[in-house]
Every structure is written in structure tokens, then in C-alpha cells.
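*Asks:* Pasting a structure here, questions to come.
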Amino acid sequence: MLPRYHDDVAISVQRDLATVDVDDVSVSYGSALAVDGVSISVAAGSIVSLLGPSGCGKTSLLRAIAGLERPVRGSVSIGERVVSGPTTWIKPEHRSVGMVFQDGALFPHLTVADNIAFGLNASHIRASRSDRAERVNELLDLVDLGGLGDRLPETLSGGQQQRVALARSLAPNPAVLLLDEPFSALDAGLRVHVRAEVASILREIGVTSIFVTHDQDEAFVLGDNVAVMRDGRVEQVGSPDELYRTPVSKWVARFVGEANFVPGRPSPSSDCIETALGCVKIAGALPAPSDDTVDVLVRPEQVVLSEGDSAEITTVEYYGHDVRYELLLADGTTLSARTHPDVLLQRGDRVSIAIDGSTSAAFVE
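Per my numbering, the sequence shown runs over residues 7 to 371.
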């Protein structure tokens, strides 16, 4: 473990796991409010994904946590220390925060090893040359780049460059790691591979991490919890399973996965919603019976197809592990379904539809 010196006193580089608490934070650029009263908490050692469309404020929130933007309202705490508040402002370099940017931001004239060592320099870590080299080699092994320390960044693949950026940010053992869409510049196949590697590394070292993405798959793969943002606000925070199964709104339901919404009315005599597809059970509280129509959330994998004549298949998308169908009902309603590819149906085939199990939510619009 490398010693760190401050006021001529050597202290350990190793950090205790830190919580991150964001309380009523707002960030503005001139008259434009990018983050509007956001409050979230990140448990020590956990990974939280900030998920949302472009321009929703997720990167601005990340930059406020890092100290790269100063909020106009609210406070940010890392561990027991307030790093940003009405009367407090701690500079980014003193927050014990590491950051990985979209493009990696590596120095092209430095070797891989020197890029990683820069993370130590930026944190004012002083140690012998052999200790620094040992730390760099540990990080190279951690990100599976052992033996590539003498290479220049331009000789590496995009995925390897991002792993160098990750190693550099981890060099001083920050209390918190922030990642701003680090895979967005990679092609689709490489992105899947690299994000799995990064998820494994982050869980291995156990550093508290906040990860920004607009991709639902990435958010669910990396995040223990996911905060879904929209128009500068947090719409919902929960585990991937909670967001997918019990979204708080139709917007969240659509954003975290493909969604069918089937109109219906609560049955006065049973625990279900009466729809054109039959009486659909709701997991959780059932809306009170009324004349108001509700929209029942049905995920495509809940739609069961069988022989019949209630709907026509208009689209077939074969993915190998499953098949996606688009269906047209007699009343003009369209639905999507995902099924196992054991029995492959064709466009123009007619089928009957049923709902497998209870659905998670019904929304009054």
C-alpha cells in the first residue's frame, strides 16, 4: 500500500467505503435549470446508475458530485463530510473522487503505465519509484492489461483505452468513483463485453460508484440500484427488478423496457382489471372500481400466443434467444410479444392471446 503525505505526515492511501448523499441539489446554466431539486443516497460500496435520456441532467448531477459544477441549491456529502453546500465548497481534487469520462481523456504522449501513474501524481501521492511501479502493475493486472504498460494509448483498442482510464482513476484509491457514459464511443459488441468487465472490476474492489448512462441495459447490468431521471428530476429510484416490474409511471415503464398498455376497468366483483384480453390480475393495490379507464402494463414476455383467431401477426423479429412479434387485434389495438423460438410463427398467422401471470401496474391517465 502506497503512503500518502500531507503536512509531512504519511497516511494510508486506502479509503474507507463512503456513502454519497445528495440533498435537494439544483444546478443551472444561466437561466436554464439542468438539475431540479434532486435527492438521492448511495450506500457505501454500492453501484448506482443514473439513467435517462440526453439532456435530462444526469451528467450535470454527476459533475456536481465531483465538484466540477457548483449547485445553486442543496448539498452533497461524501461519507461524513459535506463537500458542497450553501456555506461549503470543497475543490474536486480534495473530495477523494475518481472520474472516468466518455472518451477516456488519456494523454496520447504518455505510455499506459505513465497515464495510470498520473492518477497518483494528481493526488499528490509520494512514494519510492519501486512502490509506484508496483501500484501501477497491480492496476494493470486488475484491468487485465498486464504487460502493456509500455504501449501508447493509440496502439490499444477502444475497450482497452477505457480500462486504462479506469485504472488511472482508481490509482489513488478514491472513496467514490464516477463514470460518465464511459462506453458510449464503443461499438455495440465491444460495449457489451467491456461493460461486463467493468462491472466485475467495480464489484471486486467494492468502491462506491455512480454510473451515468442513457442505455437501460447498461444501467441494469451495472447498477445495484437505478435512479431514472427526466427533465432534471428523479422520477424513480429502485433496483432493476423494481423499476421493470413496478414503475411509478407510464413514462418510466416505457423507458426501462418495452411496454404494452391495455385499456381496462377495475372489476367490481374480482381482484383484476377487465380488458379485451380478459381479466388481468394486478400485483399490489388494485385501483378502486370506477368508470375511469386504466391502462394496464403488460410486458411483451407476458403475452402468451396460441392457436386461435383473435389477432394477426404483422411483424416477426428473430433474435435467436427469443422472437419478437407485433400483433394487431380486431379492434385495432397493437401489442408486442416475446416468446421462445421453439415454435416460429409467420407474418399473417392468426393467434389467440392470453396474459401469463399478474401484471405489475395500472395507470389512470
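Just so it is clear, CB atoms sit at the ideal spot from N, CA and C, and this is done for glycine as well. This one's a predicted model, so the numbers in the text were calculated from it and none came from an experiment.
#1: Going by the CB atoms, is the gap between Ala72 and Val33 shorter than 9 Å?
#2: Around the Cβ of Asp247, are there at least 16 other Cβ atoms within 10 angstroms (buried) or fewer (exposed)?
#3: If we count Cβ pairs, one from each stretch, closer than 8 Å, do we get three or more for the stretch 230-242 versus the stretch 274-287?
#4: Could you tell me which whole alpha helix (DSSP H) segments of length 4 or greater appear in the stretch 80-105?
#5: Taking Cβ to Cβ, would you say Tyr331 is nearer than 9 Å to Ser342?
#6: Kindly list the residues whose CB is nearer than 7 Å to the CB of Gly229, restricted to its own chain and excluding five residues on each side of it in sequence; keep chain order.
#7: Tell me the residue span of the alpha helix (DSSP H) that contains Phe226.
#8: Helix or strand or just coil, what does DSSP make of Asn143?
#9: Any chance you could list the beta strand (DSSP E) runs of at least 3 consecutive residues sitting entirely within the stretch 39-72, in chain order?
#10: When DSSP builds the beta bridges, which residues end up paired with Gln242?
#11: In this structure, how does DSSP classify Asp247 when only helix, strand and coil are distinguished?
#12: Identify, in the order they occur along the chain, each residue of the same chain with its Cβ nearer than 6 Å to the Cβ of Asp13, setting aside the five sequence neighbours on each side.
#13: Label Gln168 either buried or exposed according to how many other C-beta atoms from any shown protein chain fall within 10 Å of its C-beta, with 16 as the threshold for buried.
#14: From this set, Asn127, Asn179, Val329 and Val118, which residue's C-alpha is nearest Ser163's C-alpha?
#15: Taking Cβ to Cβ, would you say Ala173 is nearer than 9 Å to Val149?
#16: Compute the Euclidean distance between the alpha carbons of Gly195 and Val170, then round it to the nearest angstrom.
#17: Determine the extent of the beta strand (DSSP E) in which Ile207 is found, giving its start and end residues.
#18: Would Ile361 and Leu335 qualify as a contact pair, given that the criterion is a beta-carbon distance under 9 Å?
#19: Skipping 5 residues on each side, what residues in its chain have a beta carbon closer than 8 Å to that of Val15?
#20: Please list, in chain order, all residues of the same chain as Phe261 whose beta carbon is under 6 Å from its beta carbon, the five residues on each side excluded.
#21: With distances taken from CA atoms, which of Pro92, Gly363 and Val182 is nearest Val26?
#22: I'd like the span of the alpha helix (DSSP H) that includes Phe369, first residue to last.
#23: Between Asn121, Val44, Asp186 and Ser136, which has its C-alpha nearest Leu154's C-alpha?
#24: Going by DSSP, what residues sit across from Arg356 in a beta bridge?
#25: Looking only at DSSP bridge pairs, what is Pro274 linked to?
#26: What's the C-alpha gap between Asp109 and Leu185?
#27: I'd like to confirm the pairing. Which residues does DSSP put opposite Ser372 in its beta bridges?
#28: Just list the beta strand (DSSP E) runs in the stretch 145-192, keeping only unbroken ones of 3 residues or longer that don't cross its boundaries, in chain order.
#29: Note down, in chain order, each residue of its chain lying with its Cβ closer than 8 Å to the Cβ of Glu313, except the 5 sequence neighbours on either side.
#30: Please classify Ile46 as buried or exposed, where buried requires at least 16 neighbouring CB atoms within 10 angstroms.
#31: Can the beta-carbon of Thr299 be found closer than 9 Å to that of Pro269?
#32: For Leu351, which of Gln222, Asp223 and Leu311 has the nearest alpha-carbon?
#33: What residue range is occupied by the uninterrupted alpha helix (DSSP H) comprising Phe261?
*Replies:* This is what the structure holds:
#1: Numbered from 1 along the sequence shown, position 27 holds the residue referred to as residue 33. Numbered from 1 along the sequence shown, position 66 holds the residue referred to as residue 72. Contact: no.
#2: Numbered from 1 along the sequence shown, position 241 holds the residue referred to as residue 247. That one is exposed.
#3: no
#4: none
#5: As a working note, residue 331 is residue 325 in the sequence shown. As a working note, residue 342 is residue 336 in the sequence shown. Yes, the Cβ-Cβ distance between Tyr331 and Ser342 is below 9 Å.
#6: Reading the sequence shown from its first residue, position 223 is the one you call residue 229. Only Ile53, Val54, Ser55, Phe217 and Pro246 meet the Cβ criterion.
#7: Locating residue 226 in the sequence shown gives position 220, counting from the first residue. Note, Phe226: alpha helix (DSSP H), Gln222 to Leu228.
#8: Numbered from its first residue, the sequence shown carries residue 143 at position 137. Judged by DSSP in its simplified three-state form, Asn143 adopts helix.
#9: Restricted to the stretch 39-72, the beta strand (DSSP E) segments that are unbroken, complete and at least 3 residues in length are 53-57, listed in chain order.
#10: Your numbering for residue 242 matches position 236 in the sequence shown. According to DSSP, which records beta bridges pairwise, Gln242 is partnered with Val234.
#11: Indexing the sequence shown from 1 puts residue 247 at position 241. Here Asp247 sits in helix by DSSP.
#12: The residue labelled residue 13 in the question sits at position 7 within the sequence shown. Because Asp13 sits at a pLDDT of 31, beneath the cut-off of 50, its placement in the model cannot be relied upon, and the following sentence gives the value as read from the coordinates. Excluding sequence neighbours, Asp13 sits near nothing in its chain.
#13: Here residue 168 is taken as the residue at index 162 of the sequence shown, counted from 1. Buried.
#14: Here residue 163 refers to the residue found at position 157 of the sequence shown. Nearest option by C-alpha distance: Val118.
#15: In the sequence shown, residue 173 corresponds to position 167, counting from 1. In the sequence shown, residue 149 corresponds to position 143, counting from 1. In this structure, Val149 lies closer than 9 Å to Ala173 by Cβ.
#16: Within the sequence shown, numbered from 1, the residue matching residue 195 stands at position 189. Within the sequence shown, numbered from 1, the residue matching residue 170 stands at position 164. Distance between the alpha carbons of Gly195 and Val170 is about 19 Å.
#17: Sequence index remark: in the sequence shown, residue 207 carries index 201 (1-based). Counting along the chain, Ile207 falls outside any beta strand (DSSP E), though it belongs to the alpha helix (DSSP H) covering Ala194 to Ile211.
#18: Numbered from its first residue, the sequence shown carries residue 361 at position 355. Numbered from its first residue, the sequence shown carries residue 335 at position 329. No, Cβ-Cβ distance for Ile361 and Leu335 is not below 9 Å.
#19: For the purposes of this step, residue 15 is identified with residue 9 of the sequence shown, where counting begins at 1. Summary for Val15: the model assigns pLDDT 27, below 50, so the residue's position carries little reliability, and this model does not support an answer.
#20: What you label residue 261 is simply residue 255 of the sequence shown in a count that begins at 1. Closer than 6 Å at the Cβ level, and outside the excluded window around Phe261, lies no residue.
#21: Here residue 26 is taken as the residue at index 20 of the sequence shown, counted from 1. Ranking Pro92, Gly363 and Val182 by Cα distance to Val26 puts Val182 first.
#22: Stepping through the sequence shown from its first residue, residue 369 is reached at position 363. For Phe369, no alpha helix (DSSP H) segment is defined; the enclosing uninterrupted segment is the beta strand (DSSP E) at Ala368 to Val370.
#23: Here the question's residue 154 lines up with position 148 in the sequence shown. Among Asn121, Val44, Asp186 and Ser136, the Cα nearest to that of Leu154 is on Asn121.
#24: For this step, residue 356 is matched to residue 350 along the sequence shown. Paired residue(s): Glu318.
#25: Residue 274 sits at position 268 when you count from the first residue of the sequence shown. Answer is none; Pro274 lacks a bridge partner.
#26: If you number the sequence shown from 1, residue 109 lands on position 103. If you number the sequence shown from 1, residue 185 lands on position 179. Distance between the alpha carbons of Asp109 and Leu185: 11 Å.
#27: Past the edges of the chain, shown from 7 to 371, lies residue 372, and the structure says nothing about it.
#28: 182-186
#29: One-based indexing of the sequence shown puts residue 313 at position 307. Counting only Cβ-Cβ distances below 8 Å, and skipping sequence neighbours, we find Val357 and Ser358.
#30: Here residue 46 refers to the residue found at position 40 when the sequence shown is read from its first residue. The residue is buried, with at least 16 neighbouring Cβ atoms inside 10 Å.
#31: On the sequence shown, position 293 is the one that residue 299 refers to. On the sequence shown, position 263 is the one that residue 269 refers to. Contact: yes.
#32: Within the sequence shown, the letter at position 345 stands for residue 351. Cα-wise, what sits closest to Leu351 is Leu311.
#33: Taking the first residue of the sequence shown as position 1, residue 261 is located at position 255. Counting along the chain, the alpha helix (DSSP H) containing Phe261 begins and ends at Lys256 to Phe261.
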